[in-house]
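Encoded as structure tokens, the structure appears first; notes follow it.
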Amino acid sequence: MKEVLRFENVSMRYHSKQGETVAVENLNFSVNEGEFTAIIGPSGCGKTTLLSLSAGLLTPTQGKIFSNGVSFGYMLQRDELFPWRTIEKNLFLPLEIKHTNTPEKRESALALAEKYGLSQFLKSYPSALSGGMRQRVALIRTLALNPDVLLLDEPFSALDYQTRLSVCNDVYKIIRQERKTALLITHDISEAISVADRIFVLSKRPATIIAEHSISFPEAEPLKRRENKEFSKWFEILWEELNK
13 MKEVLRFENV SMRYHSKQGE TVAVENLNFS VNEGEFTAII GPSGCGKTTL
63 LSLSAGLLTP TQGKIFSNGV SFGYMLQRDE LFPWRTIEKN LFLPLEIKHT
113 NTPEKRESAL ALAEKYGLSQ FLKSYPSALS GGMRQRVALI RTLALNPDVL
163 LLDEPFSALD YQTRLSVCND VYKIIRQERK TALLITHDIS EAISVADRIF
213 VLSKRPATII AEHSISFPEA EPLKRRENKE FSKWFEILWE ELNK
């Protein structure tokens, strides 16, 4: 399979008046085209730093990151929709930022909105939508730039449990239908098992990879995966690794 992202001995250190903080240390992993990869780790271990390094927002203190010229889309923990802009205008925002706000690009964004059930909300404001629908808008906004790889920074963590399950299922299906590569970071073991083809496990800070697993279920959708008897076995394995 074609690699779209590779970390080689990557470390990231921050310096302040209080001294040096090592966020991640000697990270080695790769993401393959078309894969849904999840990276799990305890809270505060450096997961968001890892994702920022992947996106090129940070330069590693040590090591190399290879992205083979692919483009990245970043989906945050919160939807970050501008409350004074309609849903339509929020969808067009990345096009404006990238100076690609052409009729063709807007048409493509609106086509995605129609395909995934947002047409009736285009003239509405974010406050009129549920948390789950707002996250769907955030995903379609990210897809408007047609990125090769989606970077997902715990995108369901701000939602209540029932909504989280539903939105996770929804987002997974959209990513698969659009044939995108995805890299998810999360502290939620069940969430990772329900979506991933491969899972990397991070240690406590400074984060380093302590395990890698390939996950295979006959069921494709996250909600159906959760019903498989193998699901709980994977949970136990990952739980033990996270709590070593």
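The numbers in this note's numbering rise by one with no breaks, and the one at position 163 of the sequence shown is 175. Ideal placement from N, C-alpha and C gives every residue a C-beta, glycine not left out.
Taking the CA atoms as reference points, residue 191 sits about 30 Å from residue 140. Separation of residue 229 and residue 96 (C-alpha to C-alpha, rounded to the nearest whole angstrom) is 43 Å. DSSP places residue 38 within a strand segment (E or B) once states are collapsed to three. Three or more pairs of CB atoms, one per stretch, sit closer than 8 Å, so the stretch 137-154 contacts the stretch 93-111.
Per DSSP, the unbroken alpha helix (DSSP H) holding residue 182 starts and ends at 173-189. With 16 or more other Cβ atoms inside 10 Å of its own Cβ, residue 24 counts as buried. When secondary structure is reduced to three states using DSSP, residue 143 falls in the helix class. Counting only the Cα atoms, residue 132 lies some 31 Å from residue 46. Under DSSP, residue 129 forms no beta bridge with any residue. DSSP places residue 83 outside any beta strand (DSSP E), giving it a letter other than H or E. Around the beta carbon of residue 37, 16 or more other beta carbons sit within 10 angstroms, so the residue counts as buried.
Nearest to residue 13 by C-alpha distance, out of 34, 35 and 43, is 43.
Boundaries of the beta strand (DSSP E) harbouring residue 224: 221-226, taken from the DSSP string.
Sixteen is the threshold: when 16 or more other Cβ atoms of the shown chains lie within 10 Å of the Cβ of residue 202, as they do, the residue is buried.
A distance below 8 Å separates the beta carbons of residue 62 and residue 219. Judged by DSSP secondary structure, residue 20 falls within the beta strand (DSSP E) whose first and last residues are 15-28.
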